[in-house]
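The opening position of the sequence shown corresponds to residue 47 in the working numbering, with each subsequent residue numbered one higher.
Note that the Cβ used here is the ideal one computed from N, Cα and C, for glycine as well.
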Amino acid sequence: MSALLSVGAVSVQFAGVTAIDNVSFDVQQGELLGLIGPNGAGKTTMLRVITGVVRQTSGTVLLEGRSLDGLPIHLRIRRGLALSQQIVKPFRGMSVIDNVALAAGARKTTSPVKALFNLRRERELKIGHELLSRLGIEPQANESPETQPMGILKRLELARSLALTPRLLLLDEPLAGLNSKEARLLADTITEINRSGTTIILIEHNLGEVLRVCHRLVVLDNGAKIAAGEPAAVMNNPTVRAAYLGTGAAAQAGEQHAAA
Numbered sequence: 047m048s049a050l051l052s053v054g055a056v057s058v059q060f061a062g063v064t065a066i067d068n069v070s071f072d073v074q075q076g077e078l079l080g081l082i083g084p085n086g087a088g089k090t091t092m093l094r095v096i097t098g099v100v101r102q103t104s105g106t107v108l109l110e111g112r113s114l115d116g117l118p119i120h121l122r123i124r125r126g127l128a129l130s131q132q133i134v135k136p137f138r139g140m141s142v143i144d145n146v147a148l149a150a151g152a153r154k155t156t157s158p159v160k161a162l163f164n165l166r167r168e169r170e171l172k173i174g175h176e177l178l179s180r181l182g183i184e185p186q187a188n189e190s191p192e193t194q195p196m197g198i199l200k201r202l203e204l205a206r207s208l209a210l211t212p213r214l215l216l217l218d219e220p221l222a223g224l225n226s227k228e229a230r231l232l233a234d235t236i237t238e239i240n241r242s243g244t245t246i247i248l249i250e251h252n253l254g255e256v257l258r259v260c261h262r263l264v265v266l267d268n269g270a271k272i273a274a275g276e277p278a279a280v281m282n283n284p285t286v287r288a289a290y291l292g293t294g295a296a297a298q299a300g301e302q303h304a305a306a
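Spelled out as structure tokens, the structure:
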């Protein structure tokens, strides 16, 4: 496998406070990588550096060997990034299908002139229906997001991200707010998306599902990388036990993963 994303010695400081401290890691083509750590570890900040929401103080980010440094968010998206956010914010004045179709037609709206000459949207609606069907929410296509429960909205957010046809999909706590059954089913869907060829970075606090679906883990604590590797080995790392979970909880999570 070749590295799709390379994060090299990235540091981020906010008013003298270090949020990310000299972090490096690679994401391989086709990988489902778990980026984990306690609250405040710097995980979401790292995703924001990758997408360009936050500019790093030092270091570099490469996608397919090409630097993303200095690029605005929309150009990074065109390079092949997509982010599914923890707090779901669909366009509530649009139907579920229209939310996905809008994302599918993103390249048609890169300029006002281009948008004026691309009024037909049969292709985008077709893509939208296919994605909603794939994610199990096609029956809600013509309904308003305002009437949907969290489980549907999380899948809608994922559909909107996939409509951008990303090379690298960034998922920020997609299982947050879901019950155990919903979380397991959505984790299965994420696995299926990865097996279909989409490389994924997953931030998630549901350790049971992280250990079940991720190929490899990178662990952050206080902005620094403290461990990386195969999930079971990482969760047996004493530094990870102490910093992230506490010894007892980490051992229990590892036992549950081994028994699965």
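Per-residue burial, residue i [other beta carbons within 10 Å of its own, 16 or more giving buried]
i    : result
E364 : The chain is shown from 47 up to 306; residue 364 falls before or after that span and cannot be answered.
G151 : buried
E192 : exposed
A55  : exposed
N188 : exposed
N252 : buried
A61  : exposed
V99  : exposed
I119 : exposed
P284 : exposed
G111 : exposed
A278 : exposed
I179 : Reading off the sequence shown, one finds Ser at residue 179, where the question assumed Ile. By the 10 Å Cβ count, S179 comes out exposed.
S48  : exposed
Distance, residue j Cα to residue i Cα
i    : j    : result
I66  : K89  : 9 Å
E276 : M140 : 42 Å
A149 : I143 : 10 Å
S242 : R201 : 17 Å
Q194 : S207 : 18 Å
Q132 : L93  : 12 Å
V159 : A270 : In this prediction, V159 scores a pLDDT of 46, lower than 50, which makes its location untrustworthy; no coordinate-derived value is stated.
A128 : A209 : 9 Å
T211 : S104 : 30 Å
V63  : M281 : 28 Å
F71  : G223 : 29 Å
V265 : P84  : 9 Å
G80  : R138 : 31 Å
I239 : V259 : 12 Å
E170 : N145 : 10 Å
I82  : V53  : 16 Å
V58  : L109 : 19 Å
L121 : D234 : 31 Å
L257 : L214 : 20 Å
V73  : P185 : 35 Å
L50  : K227 : 32 Å
G174 : H261 : 29 Å
N268 : A288 : 13 Å
Where the beta strand (DSSP E) containing residue i begins and where it ends
i    : result
G254 : Taken as a continuous stretch (DSSP letters only), G254 belongs to no beta strand (DSSP E), being part of the alpha helix (DSSP H) at L253 to V259.
I272 : A270 to G275
I66  : V63 to Q74
S57  : A49 to F60
R80  : One point to set straight first is that residue 80 is Gly, not Arg, in the sequence displayed. Unbroken beta strand (DSSP E) run through G80: L78 to I82.
Boundaries of the alpha helix (DSSP H) in which residue i is found, first to last residue
i    : result
T91  : K89 to T97
V142 : V142 to A150
E238 : S226 to R241
Which of helix, strand or coil DSSP assigns to residue i
i    : result
L109 : strand
I247 : strand
I133 : coil
L117 : coil
R262 : strand
Beta carbon proximity, residue i to chain C, threshold 8 Å
i    : result
T285 : No chain C appears in the structure shown, which is made up of a single protein chain.
Along the chain, which unbroken stretches of the alpha helix (DSSP H) at least 4 residues long are found entirely within the region 154 to 224?
-> 158 to 162, 168 to 180 and 196 to 208
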